[in-house]
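Just so we're aligned: the sequence shown equals residues 932 to 1378 in the numbering used here.
Built from N, CA and C at the ideal position, the CB exists for glycine as well.
Working notes for the structure below.
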Amino acid sequence: MAKRTHLASGSDSDALGARDGLVVGVTLFSMFFGAGNLILAPLLGLRAGVQTPEALLGFIVSAVGLPVLTIAAIALSGTVGKLGDRIHPVFSKVFAAAAYLAIGPFLAIPRTATTSFEMVRPLLPEDVSPAAALVAFSLVFFVVAYFLAMHPNRLTELMGKISGPTLIVLVVLLVASTLVSPPGIPATVASAPYDEAAGVAGFVYGYQTMDVLAALAFGYVIAMNVRELGVQSPAGIARQVVRSGVIAGVCMAAIYCGFGYLGAVMGSALPNAANGAEVIAGAAAIEFGSAGSVLVAAIFLVACLNVCIGLICSISEYFSVEYELMPYERWALVIAVLSCLLANVGLTTILEYSVPLLSALYPIAIVLMVMGLAQRGSGEGGRLAWRLCVAFCGVDSVIVALRDGFAKGLALPLDLLPLAGLGMGWILPAILGFVVGLLAERLFRRA
């Protein structure tokens, strides 16, 4: 890996100042908050109507709480590799590689280009070929992302001080306009699934963001940036990474609340919207007229570029350290080129395989997060328990993900498990595996 320049902002210490701490937190927020996050809360608000506050509460618990807890787990463990090593070194490498590829070049990174292009497309002349425009747009998009990703230890200079605050200002501008001049009123009757137990439905909806996998990737790069700002002790870095996670979580929760409100007050203006992007675009058009499409395009473009840069940095950093086949810069180039190709020629096909892979990996990632938070108390004595916990959870999640991806009509005995209908049938097997492992360890110690 090429040598990187140290840009310490002050003398070495165990904590950052308030300003630098806020900048790192905004950086982490920017890495998380992409197009997928933008469109979730508006659709929730539209469908939940008067039940929006309750639905948002459940949504924030899972969509914000789980990623923030994962950042804390990575801070305590050091890296996702060290966290996975508690199960087995081979498992650690396979899981991390699969997770990074699934959320990176095989799904999220190509989709940052295609999603932002769809929001920019209305601004293009009508006689421009959409296919040719996508090629040109994605080439420029990934060239910019690649060069901005060349200094992963300086992301705070870009995202924390420029692009992150820009995104927040643009979102606040749109949401504030709906507060001053509401485009409509919330639906008086919530639509399914928010008509019954809106908080539970919101929690399940937030769970589906799958940001825990992204948190596994981002933790290490955030630690690099904290170190670059002058904190050198492992304990100090861990504390600051956790604080950054909290700041990012507060930012995400605030924007989710704003967009949830926006979606709710669009209930009478656009009751049949199919997705959150349509809700946002409709609100912007009502509030700003033709300039609304420019505002929406800017919001999605900045958000998607932030996530793209963050993922390229995190994934390239991991592979350059764990697999020394190439330096960081070449890994970043490979990921950018592959993502650009998939965005233009193969994204639909690759989604058929990457989405089931994500669904299989996500429950395992949550189990690893819980293990990372509990590891100080469990020590080496809990190794078998955690291994069986991951194994039992993995069997359920892999089988169900394969069925959901390739044989949706197939009924499985696993469908009878509690919470299986909510996509969380893996919880009981995970608990069972942990309990069996603890009992087995006690028996072995007595023998």
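| Item | Value |
| --- | --- |
| CB contact flag (residue 1086, residue 1152, <8 angstroms) | yes |
| Helix, strand or coil at residue 1162 according to DSSP, with G and I counted as helix | strand |
| Where residue 1041 falls: helix, strand or coil (DSSP) | helix |
| Close-in-space but distant-in-sequence residues of the same chain around residue 1358 (CB under 7 angstroms, 5 per side omitted) | 1350 |
| For residue 974 and residue 1213, the rounded distance between their alpha carbons | 12 angstroms |
| At least 3 beta-carbon pairs within less than 8 angstroms: the region 1044-1052 vs the region 1176-1190 | no |
| Among 1005, 1184 and 1060, the one whose alpha carbon lies nearest that of residue 1144 | 1005 |
| Integer Cβ distance of residue 1090 from residue 961, believed to fall under 8 angstroms | 4 angstroms |
| contact_flag[the region 1246-1264, the region 1230-1238] where n(CB pairs < 8 angstroms) is 3 or more | no |
| Burial state of residue 1206, where buried means 16 or more other Cβ atoms lie within 10 Å | exposed |
| Straight-line Cα distance separating residue 1320 from residue 1372 | 13 angstroms |
| Reference residue 1012; option with closest CA among 1025, 1000 and 1003 | 1025 |
| Cβ neighbours of residue 1329 in the same chain (closer than 6 angstroms, five flanking residues each side left out) | 1291 |
| Three-state class that DSSP yields for residue 1270 in the structure shown | helix |
| Outcome for residue 1220 when other beta-carbon atoms lying within 10 angstroms are tallied against a minimum of 16 | exposed |
| Nearest neighbour of residue 1266, chosen from 1203, 1033 and 1333 [CA to CA] | 1033 |
| Distance, residue 1355 Cα to residue 1133 Cα | 14 angstroms |
| Pick from 1352, 1306 and 1364 that is closest to residue 1325, judged by C-alpha positions | 1364 |
| Alpha-carbon to alpha-carbon, residue 1202 and residue 977 | 7 angstroms |
| Residues of its chain near residue 1293, where Cβ-Cβ distance is below 8 angstroms and the 5 sequence neighbours each way are ignored | 1141, 1143, 1144 and 1328 |
| Straight-line Cα distance separating residue 1376 from residue 992 | 39 angstroms |
| Which of helix, strand or coil DSSP assigns to residue 945 | coil |
| beta-carbon residue 1044 near the ligand GTP non-hydrogen atom, thresh 7 angstroms | By its list of ligands, the structure shown contains no ligand whatsoever, and the ligand GTP lies outside what it can speak to. |
| For residue 1248, three-class secondary structure by DSSP | helix |
| Where residue 1173 falls, given that 16 or more other Cβ within 10 Å makes a residue buried | buried |
| Proximity winner among 1154, 1166, 968 and 1163, relative to residue 1176 (alpha-carbon distances) | 1154 |
| Backbone secondary structure at residue 1092 - three-state DSSP | helix |
| Contact check, residue 1017 vs residue 1300, beta carbons under 8 angstroms | no |
| Best match in 1276, 1136 and 1150 for proximity to residue 1123 [C-alpha to C-alpha] | 1136 |
| Continuous alpha helix (DSSP H) stretch holding residue 983: start and end | 983-994 |
| Cβ separation of residue 1316 and residue 1368, assumed to be a contact under 8 angstroms, to the nearest whole Å | 3 angstroms |
| Euclidean distance between Cα positions of residue 1015 and residue 1258 | 23 angstroms |
| C-alpha distance - residue 1289 paired with residue 948, whole-angstrom precision | 37 angstroms |
| Spatial neighbours of residue 1240 in its chain, beta-carbon cut-off 7 angstroms, leaving aside the 5 residues before and after | 1076, 1079 and 1080 |
| Coarse secondary structure for residue 1220, derived from DSSP in three states | coil |
| Residue 1357 - DSSP class collapsed to helix/strand/coil | coil |
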